[in-house]
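Below is one structure, written out as structure tokens; the observations come after it.
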Ligand code: IPE
Ligand code: IPE
Ligand code: MG
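In the working numbering, the protein residues as written are 97 to 354.
Listed below in structure tokens is the structure:
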């Protein structure tokens, strides 16, 4: 079989040493994908699940360490009930169906978001998959579900405040590293790359603390159309970026001090 353009891109990505370790994706445009075809919005979500499967496989191929997928925001409860029910149904059906494959592919499932706000039966399915895959050492697949960046930060603040008031923590102990440890992404590096599909230029309350120096990649492609080649194009684009973190770099990309 001849190598496709995507295969060649993958080879280039793997040959460089500045690979993105953690990629986060705002999977957007399911509704518009469906509308364009005269289909109900739920058909777009169904097709979006296929894209999730493709991109998880592509992330494994590209040796990405962590992939955080924004699956459902706290604000998404404001949608019509029937659409919310359809998204939730798809989420849990897929988790159940894909459990064996996650184990086979050495994928570790984790979640960010308020899981207590989900129905007990569905939370159980998710927790079971997380438990079953917790010792896997391949890709960390982190699902942001019932997630809000601001709520996550507030929750960390409350926990820290409680420990300070019980004198378990001193004010001087609070720094960026320890604060990050109280977030729902504890243990993951900050995302190197954030992809948003469907051409929207906003964060929509996603990973507000963690994205302070994340590289952004926005594409007009709707999520259900996003494929392996699109994903590799984003990873290659990332590898061409110069991440300065506020500094001035010399020609070799080293920080310049004088
Ligand atoms: C993203 O697609 C999926 C979720 C938010 C769950 P949308 O449903 O937001 O699609 P558009 O933005 O309406 O096209
Ligand atoms: C962000 O997409 C949430 C997810 C992809 C799960 P939305 O479609 O909900 O975002 P807004 O409302 O357009 O900002
Ligand atoms: Mg949207």
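For every residue, glycine included, the Cβ atom is placed at its ideal position computed from N, Cα and C. Keep in mind the model is a prediction, meaning the values are calculated, not measured.
Checking 7 Å against the spacing of the C-beta atoms, do residue i and residue j come in under that value?
| i | j | result |
| --- | --- | --- |
| residue 162 | residue 236 | yes |
| residue 250 | residue 207 | no |
| residue 318 | residue 151 | no |
| residue 333 | residue 313 | yes |
| residue 202 | residue 232 | yes |
| residue 320 | residue 129 | yes |
| residue 45 | residue 213 | Residue 45 cannot be examined here, being either before or after the span of the chain that is shown, 97 to 354. |
| residue 229 | residue 196 | no |
| residue 188 | residue 226 | no |
| residue 265 | residue 272 | no |
| residue 103 | residue 296 | no |
On the DSSP bridge list, what partners appear for residue i?
| i | result |
| --- | --- |
| residue 161 | For residue 161, which the question treats as bridged, DSSP gives no partner whatsoever. |
| residue 236 | 162, 204 |
| residue 169 | 243 |
| residue 98 | DSSP lists no partner for residue 98. |
| residue 345 | 351 |
Output the distance between the C-alpha atoms of residue i and residue j, rounded to the nearest integer angstrom.
| i | j | result |
| --- | --- | --- |
| residue 310 | residue 286 | 8 Å |
| residue 141 | residue 351 | 45 Å |
| residue 277 | residue 253 | 11 Å |
| residue 248 | residue 98 | 47 Å |
| residue 106 | residue 338 | 20 Å |
| residue 290 | residue 322 | 14 Å |
| residue 255 | residue 210 | 15 Å |
| residue 126 | residue 336 | 29 Å |
| residue 113 | residue 157 | 15 Å |
| residue 198 | residue 160 | 15 Å |
| residue 101 | residue 148 | 21 Å |
| residue 262 | residue 268 | 15 Å |
| residue 134 | residue 329 | 29 Å |
| residue 223 | residue 165 | 17 Å |
| residue 182 | residue 138 | 6 Å |
| residue 279 | residue 122 | 19 Å |
| residue 117 | residue 270 | 26 Å |
| residue 357 | residue 132 | The structure shown has nothing for residue 357, since the chain only spans 97 to 354. |
| residue 190 | residue 136 | 20 Å |
| residue 180 | residue 300 | 17 Å |
| residue 307 | residue 298 | 12 Å |
| residue 354 | residue 340 | 16 Å |
| residue 200 | residue 192 | 14 Å |
| residue 115 | residue 215 | 38 Å |
| residue 342 | residue 234 | 32 Å |
| residue 325 | residue 257 | 46 Å |
| residue 111 | residue 305 | 31 Å |
| residue 283 | residue 346 | 32 Å |
| residue 176 | residue 275 | 36 Å |
Rounded to the nearest angstrom, how far is the Cβ of residue i from that of residue j, given a contact under 8 Å?
| i | j | result |
| --- | --- | --- |
| residue 293 | residue 315 | 6 Å |
| residue 186 | residue 145 | 6 Å |
| residue 242 | residue 344 | Not confirmed; about 42 Å, so no contact. |
| residue 331 | residue 109 | 5 Å |
| residue 184 | residue 217 | Not a contact, Cβ separation roughly 11 Å. |
Inset, instruction - For the region 278-329, list the beta strand (DSSP E) runs that are entirely contained and at least 3 residues long, ordered along the chain. - result: Complete beta strand (DSSP E) runs here, min 3: 289-292, 311-314.
Inset, instruction - For the region 117-156, list the alpha helix (DSSP H) runs that are entirely contained and at least 4 residues long, ordered along the chain. - result: The region 117-156 contains these whole alpha helix (DSSP H) runs: 126-132.
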